[in-house]
Amino acid sequence: MQSSDRFCTVVSCIDGRIQLPVNRYLQERFGAMYVDTITEAGVNKVIAEQAPETLVESILKKVAISVNAHRSCGMAVVGHHDCAGNPNPPEIQREHILKALEFLRQQYPQMEIIGLWVNENWQVQELDSRVEG
Ligand SMILES: [Zn+2]
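Going by my numbering, the sequence shown opens with residue 715, and the numbers climb by one from there.
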């Protein structure tokens, strides 16, 4: 059941192939009807490398609107197979997602923030990103 007044937030790629599966996954995962969607090509790489800086700032501004105005209940960072904006192999992209997670968790320590990988069959897989120790 998705609560009709709950929002969550996704920081994702522009790629049209991943939007529906990611939305469906997050509606279920956070029990939220609405998924505020912030997109940038290869966003996991942009945040992991903190470059370009202006883009990172722009992403953070949009995230803040979702979190503050919509009281978003959870957030996800997404990377995916065959990404035009981040054409690195999955292992590197995974590192980018984990770095982006670390950065966003510093900004929003109270919030549950998860990493997602969308594979070659456009299936959504949640990364194990638990902090060791
Ligand atoms: Zn992409």
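Heads up, the beta-carbon is just placed ideally off N, CA and C, and yes, glycines get one too. Just so it is clear, the structure is predicted and the values come from calculations on it, not from any experiment.
What residues are listed by DSSP as bridge partners for residue i?
i: residue 714; result: With the chain represented from 715 up to 847, any question about residue 714 goes unanswered, as that position is not in the structure.
i: residue 750; result: 723
i: residue 839; result: 831
i: residue 790; result: 724 and 828
Does the beta-carbon distance from residue i to residue j come in below 7 Å?
i: residue 798; j: residue 830; result: no
i: residue 773; j: residue 793; result: no
i: residue 732; j: residue 832; result: yes
Please name the residue, chosen from the options, that lies closest to residue i on a Cα-to-Cα basis.
i: residue 834; options: 756, 755, 796 and 757; result: 796
i: residue 728; options: 806, 842 and 754; result: 754
i: residue 828; options: 736, 718, 770 and 778; result: 736
i: residue 741; options: 788, 843 and 806; result: 788
i: residue 744; options: 717, 816 and 843; result: 717
i: residue 837; options: 809, 825 and 734; result: 734
i: residue 720; options: 783, 840 and 765; result: 783
- Contact between the stretch 718 to 727 and the stretch 740 to 750: three or more CB pairs below 8 Å? Flag = yes, the stretch 718 to 727 and the stretch 740 to 750 touch.
- Test item, CB below 5 Å from any non-hydrogen atom of ligand 1: Taking a cut-off of 5 Å from the heavy atoms of ligand 1, the residues with a C-beta inside it are 727, 729, 797 and 799.
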